[in-house]
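Peer 1: In the numbering used here, the protein residues as written are 33 to 586. For each residue, glycine too, the CB sits at the ideal point set by N, CA and C. If you're wondering where the values come from, they're calculated on a predicted model, not measured in any experiment. Got a structure for you, written out below as structure tokens; questions coming shortly.
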């Protein structure tokens, strides 16, 4: 948690964690202390809205908006666009704001259609949101009751989480206590998350939350997550310090192993108290663009791409202290049901020298906490069908996966040289077909656990491998010769796997990633061990180093 103060005087903080109270340790919902804190926060919210306070504040806000592809195979995300913004903000409790957009700039990192962002991607929300929470101008989320609104008493359950003690200079210590919130009816639009409350004033120090899946107005939304952080001004009022909004979307028509993410992060600084009152007129737009928007480059603090590595662009998010089963129940993906599915584009259509033209299709089905993904295809040149079925759990920290395959085409060559769209184009024109293929029939299972920046995978497999013969000796378009198919020794492989992934930020704009795996198994009466590891650094994903090793022990 971050606490800060701006102004003429220096401000020192000491944060001391306290053990959770008894009812939090017992995980009791709606305990006396929790409900008392809710009432304190509601009273503070009401007094700000109705009381005599008329103090206004002026500040500046600076931020970035990132748009990127989020891959479900654990690989690094693919940045598509980044924007930078700078605003002047005038703010009066409980949350009435007027914002002047002074400067913006952006860059497409890959060719995409013109982006039109909702207003809250480029502006601050009004305080801690109104009684009905809206995100994305109401097109992402709308009509969600605020847990601290007067009308929400019967809609939510509350329990106490952790407590921090804030020591402000020579003032009295303040206790900042977490309220964990869940809906009583998961089938209605609702807030799921936590609110950190100043026990002495009822002010809000931080909010971390997502929503039930029925809250999403846009059926493409997989999740919407919001983090608001506030700073203490003059030991009196909590003012906005940082806002992060992240929205992930998936196709509602076809199941693909990726989604798009928009992440907006805005920081507020340089507060100044204004004399007199500030009262925006009814109908005033929350954000007004300056006539010189985009021209005042002196407004920007830092470069357009400086924070990309610091942000991670890895989709990670720290959620409140709800159990993962509760998160699945109350904040499941908005992309459920039955959808068309492919694990990669080349599974739908590809061309190889051992298959000719191969087409495929699949479906994915959500069955409670298990997702079933099935694919089937037919190679017209080899007159050969193939199929795979995979089952995966939705548990975020401990994810199981089971996969069965029948006559699936695999590659015995260099890692990463497998089947893709570019390989099909090369085969059609130049006859270049990089993989050394074989057929696999079998079952494999794995269990992946994530702890902080590191993820571990353990798994096992039993597979029958068969050799395959070529059906094309030259490219069909230009008649170029293809490489002969190397036969393999048929047999059954039994093996276990251990893998680890980790990433470290390096400076402001670089990232060092490590991926390694070890396999130990048996093949045709011999045992073998296979080791591979991959270290690479990236500055916006432009540099990579790979190393692979293999040895056999008989």
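Have a look at residue 531 and residue 275 and give me their C-alpha separation to the nearest angstrom.
Peer 2: Sequence index remark: in the chain shown, residue 531 carries index 499 (1-based). Sequence index remark: in the chain shown, residue 275 carries index 243 (1-based). Those two C-alpha atoms are separated by around 35 Å.
Peer 1: Tell me the residue span of the beta strand (DSSP E) that contains residue 156.
Peer 2: The count along the chain shown starts at 1 and reaches residue 156 at position 124. Looking at the DSSP string, residue 156 is not in any beta strand (DSSP E), and its letter there is neither H nor E.
Peer 1: Find the nearest neighbour of residue 521 within the set 343, 471 and 207, judged by alpha-carbon distance.
Peer 2: Numbered from its first residue, the chain shown carries residue 521 at position 489. Selected option, being the one with the closest Cα: 471.
Peer 1: Roughly how many angstroms separate the alpha carbons of residue 562 and residue 554, rounded to a whole number?
Peer 2: Stepping through the chain shown from its first residue, residue 562 is reached at position 530. Stepping through the chain shown from its first residue, residue 554 is reached at position 522. So the alpha carbons of these two residues sit roughly 11 Å apart.
Peer 1: Kindly list the residues whose CB is nearer than 6 Å to the CB of residue 115, restricted to its own chain and excluding five residues on each side of it in sequence; keep chain order.
Peer 2: For the purposes of this step, residue 115 is taken as residue 83 along the chain shown, with counting starting at 1. Around residue 115: 97 and 138.
Peer 1: Closer than 6 Å by C-beta to residue 163: which residues in its own chain qualify, once you throw out the five before and the five after it? Chain order, please.
Peer 2: Counting from 1 along the chain shown, the entry for residue 163 is found at position 131. Within the same chain, residue 163 has close Cβ partners 178 and 181.
Peer 1: Starting from residue 453 and walking both ways along the alpha helix (DSSP H), at which residues does that stretch end?
Peer 2: Walking along the chain shown from the start, residue 453 turns up at place 421. Element bounds for residue 453: 453 to 461.
Peer 1: Compute the distance between the beta-carbons of residue 416 and residue 425, then report whether it is under 8 Å.
Peer 2: Here residue 416 refers to the residue found at position 384 when the chain shown is read from its first residue. Here residue 425 refers to the residue found at position 393 when the chain shown is read from its first residue. Not closer than 8 Å, so no.
Peer 1: Given 8 Å as the limit, is there contact between the stretch 474 to 483 and the stretch 393 to 409, that is, 3 or more CB pairs closer than that?
Peer 2: No, the stretch 474 to 483 does not touch the stretch 393 to 409.
Peer 1: I need the DSSP call for residue 71, collapsed to helix, strand or coil.
Peer 2: Position 39 of the chain shown, counting from 1, holds the residue named residue 71. Note: residue 71 maps to helix in three-state DSSP.
Peer 1: Should residue 297 be listed as close to the ligand NAP, given that the test is whether its C-beta is under 7 Å from any heavy atom?
Peer 2: As for the ligand NAP, it is missing from this structure, which has no ligand bound.
Peer 1: For residue 510, collect the residues of the same chain with a Cβ closer than 6 Å to its Cβ; drop the 5 residues on either side in sequence, then sort them by chain order.
Peer 2: Within the chain shown, numbered from 1, the residue matching residue 510 stands at position 478. If we look at residue 510 and ignore the five residues flanking it on each side, its Cβ neighbours are 461.
Peer 1: Would you please state the rounded distance, in angstroms, between the beta carbons of residue 226 and residue 240? I believe it to be under 8 Å.
Peer 2: Counting from one through the chain shown, the residue named residue 226 turns up at place 194. Counting from one through the chain shown, the residue named residue 240 turns up at place 208. Right, their Cβ atoms sit about 5 Å apart.
Peer 1: Determine the extent of the alpha helix (DSSP H) in which residue 377 is found, giving its start and end residues.
Peer 2: Residue 377 sits at position 345 when you count from the first residue of the chain shown. From DSSP, the alpha helix (DSSP H) with residue 377 extends over 377 to 380.
Peer 1: Note down, in chain order, each residue of its chain lying with its Cβ closer than 7 Å to the Cβ of residue 437, except the 5 sequence neighbours on either side.
Peer 2: Stepping through the chain shown from its first residue, residue 437 is reached at position 405. Here the set comprises 420, 472, 473 and 474.
Peer 1: Taking residue 235 as the reference, which of 122, 264, 374 and 169 has the closest Cα?
Peer 2: Mapped onto the chain shown, residue 235 falls at position 203. Comparing Cα positions, the closest option is 264.
Peer 1: Are the beta-carbon atoms of residue 519 and residue 499 separated by less than 8 Å?
Peer 2: Position 487 of the chain shown, counted from the first residue, corresponds to residue 519. Position 467 of the chain shown, counted from the first residue, corresponds to residue 499. In this structure, residue 499 lies closer than 8 Å to residue 519 by Cβ.
Peer 1: So, do the stretch 164 to 174 and the stretch 245 to 262 have three or more beta carbon pairs nearer to each other than 8 Å?
Peer 2: With the cut-off at 8 Å, the stretch 164 to 174 and the stretch 245 to 262 touch.
Peer 1: For residue 62, which of 213, 228 and 495 has the nearest alpha-carbon?
Peer 2: Here residue 62 refers to the residue found at position 30 when the chain shown is read from its first residue. Minimum Cα distance to residue 62 is reached at 213.
Peer 1: So, residue 376 versus residue 272, is the Cβ gap smaller than 8 Å?
Peer 2: What you label residue 376 is simply residue 344 of the chain shown in a count that begins at 1. What you label residue 272 is simply residue 240 of the chain shown in a count that begins at 1. No. Outside cutoff.
Peer 1: Taking residue 215 and residue 191 to be in contact with their CB atoms under 8 Å, please state how far apart those CB atoms are, rounded to whole angstroms.
Peer 2: Numbered from its first residue, the chain shown carries residue 215 at position 183. Numbered from its first residue, the chain shown carries residue 191 at position 159. At roughly 13 Å, the Cβ-Cβ gap does not stay under 8 Å, so residue 215 and residue 191 are not in contact.
Peer 1: Roughly how many angstroms lie between the CA atoms of residue 135 and residue 380, to the nearest whole one?
Peer 2: Locating residue 135 in the chain shown gives position 103, counting from the first residue. Locating residue 380 in the chain shown gives position 348, counting from the first residue. Roughly 44 Å separates the two Cα atoms.
Peer 1: Starting from residue 254, follow its DSSP beta bridges and name the residues at the other end.
Peer 2: Your numbering for residue 254 matches position 222 in the chain shown. In DSSP, residue 254 forms no bridge with anything.
Peer 1: What residue range does the beta strand (DSSP E) around residue 102 cover?
Peer 2: In the chain shown, counting from the first residue as 1, residue 102 sits at position 70. Counting along the chain, the beta strand (DSSP E) containing residue 102 begins and ends at 88 to 103.
Peer 1: Provide the residue(s) that pair with residue 241 in DSSP beta bridges, ordered along the chain.
Peer 2: On the chain shown, residue 241 is found 209 positions in, with the first residue counted as 1. Answer is 225 and 258.
Peer 1: Just confirm the distance between the C-beta atoms of residue 99 and residue 292, as a whole number of angstroms; I'd bet it's less than 8 Å.
Peer 2: Here residue 99 refers to the residue found at position 67 when the chain shown is read from its first residue. Here residue 292 refers to the residue found at position 260 when the chain shown is read from its first residue. Indeed they touch by this definition, with Cβ atoms about 7 Å apart.
Peer 1: Using the C-alpha atoms, what's the distance from residue 547 back to residue 90?
Peer 2: In the chain shown, the residue the question calls residue 90 occupies position 58. In the chain shown, the residue the question calls residue 547 occupies position 515. Rounded to whole angstroms, residue 90 to residue 547 spans 47 Å at the Cα level.
Peer 1: Which of the three DSSP states is assigned to residue 231 in this structure?
Peer 2: Walking along the chain shown from the start, residue 231 turns up at place 199. Note: residue 231 maps to coil in three-state DSSP.
Peer 1: Nearest to residue 372 by alpha carbon, out of 393, 257 and 72?
Peer 2: Numbered from its first residue, the chain shown carries residue 372 at position 340. If we check each option's Cα against that of residue 372, 393 comes out closest.
Peer 1: Taking the C-alpha atoms as reference points, what is the distance between residue 526 and residue 102?
Peer 2: Here residue 526 refers to the residue found at position 494 of the chain shown. Here residue 102 refers to the residue found at position 70 of the chain shown. Whole-angstrom Cα-Cα distance: 33 Å.
Peer 1: Quick one: grab the DSSP three-state call for residue 182.
Peer 2: Position 150 of the chain shown, counted from the first residue, corresponds to residue 182. Helix.
Peer 1: Under three-state DSSP, which class holds residue 566?
Peer 2: To locate residue 566, count along the chain shown from 1; it is residue 534. Residue state, collapsed to three classes: strand.
Peer 1: Looking at the structure shown, is residue 283 part of a helix, part of a strand, or coil, going by DSSP?
Peer 2: Residue mapping note: residue 283 aligns to position 251 of the chain shown, counting from 1. Correct three-state label for residue 283: coil.
Peer 1: Using only the alpha-carbon positions, how far apart do residue 452 and residue 185 sit?
Peer 2: Taking the chain shown and counting its residues from 1, one reaches residue 452 at position 420. Taking the chain shown and counting its residues from 1, one reaches residue 185 at position 153. Approximately 54 Å, taken between the alpha carbons.
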